[in-house]
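Data block below; observations after.
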Amino acid sequence: MVAMVEEINKVGVVGLGTMGAGIVEVFARAGFTVTGVEIDDAALERGRTHLEKSLAKAVAKGKLTEDEQRAILGRVTFTTSRDDLADAHLAVEAVPERLDIKRSVFADLDRILPPAAILATNTSSLSVTEIAALTSRPGKVIGLHFFNPAPVMRLVEIVTTVVTEPHVRETATQVVTRLGKTPVAVGDRAGFVANALLVPYLNHAVAVYEQGLATREQIDAAITSAAGFPMGPLTLMDLVGLDVLLDVMDVLWDEFRRPRYAAAPLLRRMVAAGLLGRKSGRGFYDYS
Ligand code: CAA
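Below you can see the structure in the form of structure tokens.
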């Protein structure tokens, strides 16, 4: 008999960058008890501030009452100790996209969380199967891929591997539904589904910009005005982070080796120069 989690109520989120802090907000708003974990006090404070600002904005807009804001914040605990996840039913990892960092996180989660707990990754560019293989419970490892900004975007890709236990997929699907999101089951292939379609399009916009066919504003306006997308591709790249998108392009290239998956040289150079988008103050546009 496989040990199963009866009901998911306590959730740990490891890594409180843009995605992790947004994921904490999504779970806490949906009534889950959340423990947010970061590597040091400074990173923890950044995550806490991100959450507090987002909720304060919702209150100022009249989308959330002060009582609801207090209740949401009351459900969230912040810590620098992964050991505080000892009674969590589910952990969602959202640390930087490097296998060495994931390895240390998943070794700890595997050791600390109860054997029946589900370990999820928000990775957009690493293989969920490889991450699962870092643990002694690969059947209980799954991808929960949120989109940026996590509190707003409805889709969550549920990434299963060849060894994911069926009840883990079902539980994850129920959790995503409880979050008010739309779960879509996808297989563990580079880019999953949404990024395999979206990121080459964004990369193509960089190539068009690099060729000097139009200005950045004209490229963005072409897409918002002609195709009705909420953001133009260069603005969206600045929101998501050029480094994140380059990582996705590189895994698509590694897996499929097709010309349409070759990263635009300008994208690679901008990442090398530290022009990562909003988070670094400059990308295709200047935010300083
Ligand atoms: N956190 C919380 N809420 C946010 C937010 C954030 N970071 N950014 C915007 N919002 C909320 C606003 O508060 C507002 O809420 P209300 O309607 O309740 O007032 C709502 O979203 C709309 O925001 P705005 O009015 O400020 O601005 P907008 O209408 O231009 O929308 C947007 C902003 C939602 C980001 C919209 O432009 C959009 O959908 N852009 C496309 C985003 C996208 O494609 N994301 C996927 C990226 S790919 C990815 O993430 C995957 C990966 O692995 C790389």
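For the sequence shown, the working numbering begins at 2 and goes up steadily by one. Heads up, the beta-carbon is just placed ideally off N, CA and C, and yes, glycines get one too.
Proximity winner among the options, relative to residue i (alpha-carbon distances)
{"i": "ASP255", "options": "SER126, LEU52, LEU243 and LYS54", "result": "SER126"}
{"i": "ASN196", "options": "GLU67, MET238 and ALA61", "result": "MET238"}
{"i": "THR162", "options": "LEU145, LEU214 and LEU156", "result": "LEU145"}
{"i": "GLY48", "options": "LEU74, LEU268 and LEU17", "result": "LEU17"}
{"i": "ASP111", "options": "THR136, GLU131 and GLY181", "result": "THR136"}
{"i": "PRO150", "options": "ASP85, GLU8 and LYS182", "result": "LYS182"}
{"i": "VAL209", "options": "LEU268, ASP244 and LYS58", "result": "LEU268"}
{"i": "ALA87", "options": "PHE193, THR36 and PHE257", "result": "THR36"}
{"i": "PHE193", "options": "GLY242, LEU277 and THR130", "result": "THR130"}
{"i": "SER99", "options": "GLU7, ALA274, ASN123 and ARG217", "result": "In the sequence as displayed, the identity of residue 99 is Arg instead of Ser. Minimum Cα distance to ARG99 is reached at ASN123."}
{"i": "ALA22", "options": "GLU7, ALA44 and GLU8", "result": "ALA44"}
Residue(s) in a DSSP beta bridge with residue i
{"i": "GLY144", "result": "THR122 and VAL160"}
{"i": "VAL93", "result": "VAL14 and ALA121"}
{"i": "GLY278", "result": "ARG283"}
{"i": "ALA186", "result": "ILE159"}
Exposure label - residue i; buried when at least 16 CB within 10 Å
{"i": "PRO266", "result": "exposed"}
{"i": "VAL60", "result": "exposed"}
{"i": "SER226", "result": "exposed"}
{"i": "ALA205", "result": "Looking at the sequence itself, residue 205 is His, so the reference to Ala does not match. Its Cβ having fewer than 16 others within 10 Å, HIS205 is exposed."}
{"i": "GLY63", "result": "exposed"}
{"i": "TYR288", "result": "exposed"}
{"i": "PRO116", "result": "exposed"}
{"i": "VAL77", "result": "buried"}
{"i": "PHE148", "result": "buried"}
Contact belief for residue i with residue j at Cβ below 8 angstroms, rounded distance in angstroms
{"i": "ILE102", "j": "ALA121", "result": "Wrong, their Cβ atoms sit about 16 angstroms apart, outside the cutoff."}
{"i": "PHE28", "j": "ASN10", "result": "Their Cβ separation, rounded to whole angstroms, is 10 angstroms, which puts PHE28 and ASN10 out of contact at 8 angstroms."}
{"i": "THR66", "j": "GLU39", "result": "The Cβ separation is near 28 angstroms, so there is no contact."}
{"i": "VAL106", "j": "VAL15", "result": "6 angstroms"}
{"i": "ILE24", "j": "VAL93", "result": "6 angstroms"}
Length-filtered (4 minimum) alpha helix (DSSP H) runs lying within the segment 59-88 | 67-75
Which runs of the alpha helix (DSSP H) spanning at least 4 residues fall entirely within the segment 18-60, listed in chain order?
-> 19-30
What are the start and end residues of each continuous beta strand (DSSP E) run of 3 or more residues lying completely inside the segment 183-225, in chain order?
-> 183-188
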